[in-house]
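Please read the structure below before turning to the comments.
Residue numbers (my numbering): 627 to 823.
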């Protein structure tokens, strides 16, 4: 596999606002590795953004009148080459904070790949939520790559800084990121040549 010819820009979207959220460990894991590889990483945390429950999408606000947080996100999303979405599994589904974060935008996602980093306290690593998330991401115009990065028993698999406890987690992450970066680079080259609309 050939690496991208230049560093890419990636937005990492964290899907939880819970007080004791474990997803921050998974986000730290992929942010650190992407930065180590020389890519530009933009961490998007809904707990910091404090977005309201969706009333109007960004595009439904008159030009220049969207809330400042949405303006910043729109500018960021238009500038990145791909999205890594970090999702827990709440009652076998997508966390509500993640769905709210995603649904504020649409066209800003187009022609960029997404990768799903999922996790849970149990043995399945959040894959049931990931299957629902795939449908949402495809509908938003940023289809997910074929591979997932599931992290089971996240409290035991990663320490507070997102460092893997076992080598298998690091191996899985590296294969997953290799694939994601390939797709992000390929679609970046495609966008440079123009898009269907």
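Don't be surprised by glycine CBs; every beta carbon is placed ideally from N, CA and C.
| message | Quick check on DSSP: helix, strand or coil for residue 722? | response | For the purposes of this step, residue 722 is taken as residue 96 along the chain shown, with counting starting at 1. DSSP places residue 722 in helix when its eight states are reduced to three.
*asked:* Out of 737, 812, 640, which one is the CA nearest neighbour of residue 745?
replied: Taking the chain shown and counting its residues from 1, one reaches residue 745 at position 119. Nearest C-alpha to residue 745 among 737, 812, 640: 640.
**Message:** DSSP three-state label for residue 772, please.
**Reply:** The sequence position of residue 772 within the chain shown is 146, counting from 1. Residue 772 falls in the strand class under three-state DSSP.
_Classification of residue 795 by the beta-carbon crowding that lies within 10 angstroms, buried from 16 upward_ = Here residue 795 refers to the residue found at position 169 when the chain shown is read from its first residue. Counting Cβ neighbours within 10 Å, residue 795 comes out buried, since at least 16 surround it.
Residue 743 by DSSP, collapsed to three states: which one?
Counting from one through the chain shown, the residue named residue 743 turns up at place 117. In the structure shown, residue 743 sits in a strand (DSSP, three-state: E or B).
Just the C-alpha distance for residue 819 and residue 645, rounded to the nearest angstrom, thanks.
-> Working through the chain shown from its first residue, we reach residue 819 at position 193. Working through the chain shown from its first residue, we reach residue 645 at position 19. Within the model, the alpha-carbon separation for residue 819 versus residue 645 is close to 44 Å.
Q.
Considering Cα atoms alone, identify which of 687, 773, 741 is closest to residue 653.
A. Counting from 1 along the chain shown, the entry for residue 653 is found at position 27. Per the Cα distances, 741.
Taking 8 Å as the limit between beta carbons, can you name the residues of its chain near residue 680, skipping five residues before and five after?
The residue given as residue 680 occupies position 54 in the chain shown. Scanning its chain for C-beta atoms nearer than 8 Å, with the 5 sequence neighbours on each side dropped, one finds around residue 680 the residues 726, 729, 730, in chain order.
*Over the uninterrupted alpha helix (DSSP H) stretch that includes residue 806, give me the two end residues.*
Walking along the chain shown from the start, residue 806 turns up at place 180. Looking at the DSSP string, the run of the alpha helix (DSSP H) that includes residue 806 is 793-818.
Q.
Which residues does DSSP list as the beta-bridge partners of residue 669?
A. Locating residue 669 in the chain shown gives position 43, where the first residue counts as 1. DSSP output for residue 669 lists 638 as bridge partner(s).
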